[in-house]
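S.K.: My questions all concern the structure below.
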């Protein structure tokens, strides 16, 4: 039985890019189910895509995970396929940090190959559409049972590009958490670089007030726990700390951009 394939990209749905990649995979592995995680990622935003991939895959069955956000397409950047240490997942995409957080989530990289000259690629390979000519056919071949080490040239896992992420920290003396805006959703909610385990050590208590960059808010469970227009700190569906405004936009209220630091303390 073919492995399932998940597919994530910044291609959008207005053009034929996603559909053509589906068609290529269907020709090579017609029995493989392809699940579209999203194609609405911001263009060329590799790090946000890497975070979405890391967050999404625990909810997906182990299989082949195709991810294409590739501003360096056609350059000397490598194309790779890797196997994770845990759960035997296969990740396929450009070597620009896109796969690194997901690989880390599943225990790191057990083995990795450079698929730039893979026997599974389509010929001729376009300089600008590796999703169709390289990544999709490699993913489909692996889903159909092809061996990873036969899909490309083995390389050292330590050579793989890692996503560059800011690091949150807790100032225990000041009882203040320094976090960073690492992503936004369409509702204006702000994703932070703080996970559940780190939050439990911070002293924040549900239902109690917080101050975020000098703005008052509440540490709450869900949006409707506070009045409309109120800022709230909450754990999102992935047990990661986030900021929202009930019926509004925390991103606009706080005026934050990617990587901006936010100071959060109980009040």
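In our numbering, the protein residues as written are 806 to 1072. Glycine residues also receive a C-beta, built at the ideal position from the N, C-alpha and C atoms.
#1: Is DSSP giving residue 934 helix, strand or coil here?
#2: May I ask you to report which of helix, strand or coil DSSP gives residue 1028?
#3: For the beta strand (DSSP E) that contains residue 986, what are its first and last residues?
#4: Since residue 814 contacts residue 823 with CB under 8 Å, what's their CB separation in whole angstroms?
#5: Cα separation between residue 905 and residue 869?
#6: Taking a contact to mean a Cβ-Cβ separation below 8 Å, would you say residue 851 touches residue 812 in this structure?
#7: Do residue 1034 and residue 1060 come within 8 Å of each other at the CB atom, strictly closer than that value?
#8: Helix, strand or coil: how does DSSP classify residue 1023 here?
#9: DSSP three-state label for residue 812, please.
#10: Can you list, in chain order, the residues of its chain whose CB lies under 7 Å from that of residue 801, leaving out five sequence neighbours each side?
#11: Our contact map puts residue 874 next to residue 854 with C-beta atoms below 8 Å; I'd like the distance itself, whole angstroms only.
#12: Here's the rule I'm using: 16 or more other beta-carbon atoms within 10 Å means buried, otherwise exposed. How should residue 1045 be labelled?
#13: According to DSSP, simplified to helix, strand and coil, what is residue 919?
#14: Applying the criterion that 16 or more other CB atoms from any shown protein chain within 10 Å of the CB defines a buried residue, is residue 880 buried or exposed?
#15: Would residue 1022 pass as a contact of residue 1036 if the rule is Cβ separation under 8 Å?
#16: Using the DSSP secondary-structure output, state which residues sit across from residue 869 in a beta bridge.
#17: With distance defined between alpha-carbon atoms, name the residue in 1049, 1018, 1041, 1042 nearest to residue 1032.
#18: Across the segment 945-953 and the segment 972-982, are there enough close Cβ pairs to call them in contact, namely three or more that are closer than 8 Å?
#19: Can you tell me whether residue 1145 is buried or exposed? The criterion is at least 16 other CB atoms within 10 Å of its CB, across all chains shown.
#20: So, residue 894 versus residue 916, is the Cβ gap smaller than 8 Å?
#21: For residue 998, count the other beta carbons within 10 Å of its own beta carbon; 16 or more makes it buried, fewer makes it exposed. Which is it?
#22: Suppose the cutoff is 7 Å on Cβ atoms and the five residues either side in sequence are ignored; what does the same chain contact list for residue 925 look like?
#23: Given that a residue counts as buried once 16 or more other Cβ atoms are within 10 Å of its Cβ, and exposed if not, what is residue 806?
#24: Would you kindly work out how many angstroms separate the C-alpha atoms of residue 920 and residue 892, rounded to a whole number?
#25: If you draw a straight line from the C-alpha of residue 908 to the C-alpha of residue 1051, how long is it?
#26: What residue range is occupied by the uninterrupted beta strand (DSSP E) comprising residue 959?
#27: Rounded to the nearest angstrom, what separates residue 971 and residue 1063 at their Cα positions?
M.R.: Let me spell this out:
#1: On the chain shown, position 129 is the one that residue 934 refers to. Under the three-state reduction of DSSP, residue 934 is assigned to coil, being neither helix nor strand.
#2: Position 223 of the chain shown, counting from 1, holds the residue named residue 1028. Helix, per DSSP.
#3: The sequence position of residue 986 within the chain shown is 181, counting from 1. 981-989 is the span of the beta strand (DSSP E), which, as asked, contains residue 986.
#4: Stepping through the chain shown from its first residue, residue 814 is reached at position 9. Stepping through the chain shown from its first residue, residue 823 is reached at position 18. Between residue 814 and residue 823, the beta carbon gap of about 7 Å places them in contact (Cβ cut-off 8 Å).
#5: One-based indexing of the chain shown puts residue 905 at position 100. One-based indexing of the chain shown puts residue 869 at position 64. When the Cα atoms are used, residue 905 and residue 869 turn out to be separated by approximately 15 Å.
#6: Walking along the chain shown from the start, residue 851 turns up at place 46. Walking along the chain shown from the start, residue 812 turns up at place 7. Going by C-beta atoms, residue 851 is not nearer than 8 Å to residue 812.
#7: Taking the chain shown and counting its residues from 1, one reaches residue 1060 at position 255. Taking the chain shown and counting its residues from 1, one reaches residue 1034 at position 229. No, the pair does not count as a contact, with Cβ atoms beyond the cut-off.
#8: As a first step, residue 1023 is located in the chain shown; it is residue number 218 there, counting from the start. Residue 1023 falls in the strand class under three-state DSSP.
#9: As a first step, residue 812 must be located in the chain shown, where it is residue number 7. The answer is strand: DSSP assigns residue 812 an E or B state.
#10: Outside the shown range of the chain, which is 806 to 1072, sits residue 801, and nothing can be said about it.
#11: On the chain shown, residue 874 is found 69 positions in, with the first residue counted as 1. On the chain shown, residue 854 is found 49 positions in, with the first residue counted as 1. With a Cβ gap of about 4 Å, residue 874 and residue 854 count as contacting.
#12: Against the chain shown, residue 1045 aligns to sequence position 240. Around the C-beta of residue 1045, 16 or more other C-beta atoms lie within 10 Å, and the residue is accordingly described as buried.
#13: Within the chain shown, residue 919 is the residue found at index 114, counting from 1. In this structure, residue 919 counts as strand in the three-state DSSP scheme.
#14: What you label residue 880 is simply residue 75 of the chain shown in a count that begins at 1. Looking at its Cβ environment, which holds fewer than 16 other Cβ atoms inside 10 Å, residue 880 is exposed.
#15: Position 217 of the chain shown holds residue 1022. Position 231 of the chain shown holds residue 1036. The beta carbons of residue 1022 and residue 1036 sit closer together than 8 Å.
#16: Position 64 of the chain shown holds residue 869. Partner(s): 810, 895.
#17: Within the chain shown, the letter at position 227 stands for residue 1032. Just measuring C-alpha positions, the residue of 1049, 1018, 1041, 1042 sitting nearest residue 1032 is 1049.
#18: Inter-segment contact for the segment 945-953 and the segment 972-982 is absent: fewer than three beta-carbon pairs are separated by less than 8 Å.
#19: With the chain covering only 806 through 1072, there is no way to say anything about residue 1145.
#20: Position 89 of the chain shown, counted from the first residue, corresponds to residue 894. Position 111 of the chain shown, counted from the first residue, corresponds to residue 916. Not in contact: residue 894 and residue 916 (Cβ atoms no closer than 8 Å).
#21: Here the question's residue 998 lines up with position 193 in the chain shown. Flag for residue 998 reads buried.
#22: Here residue 925 corresponds to residue number 120 of the chain shown, with the count starting at 1. Excluding positions up to five away in sequence, the list reads 942, 943, 946, 951, 956.
#23: Working through the chain shown from its first residue, we reach residue 806 at position 1. Exposed, because fewer than 16 other Cβ atoms sit within 10 Å of the Cβ of residue 806.
#24: Reading the chain shown from its first residue, position 115 is the one you call residue 920. Reading the chain shown from its first residue, position 87 is the one you call residue 892. Looking at the two C-alpha atoms, the distance is approximately 22 Å.
#25: Residue 908 sits at position 103 when you count from the first residue of the chain shown. Residue 1051 sits at position 246 when you count from the first residue of the chain shown. Approximately 34 Å between the Cα atoms of the pair.
#26: Counted from its first residue, the chain shown places residue 959 at position 154. 958-960 is the span of the beta strand (DSSP E), which, as asked, contains residue 959.
#27: Here the question's residue 971 lines up with position 166 in the chain shown. Here the question's residue 1063 lines up with position 258 in the chain shown. Distance between the alpha carbons of residue 971 and residue 1063: 10 Å.
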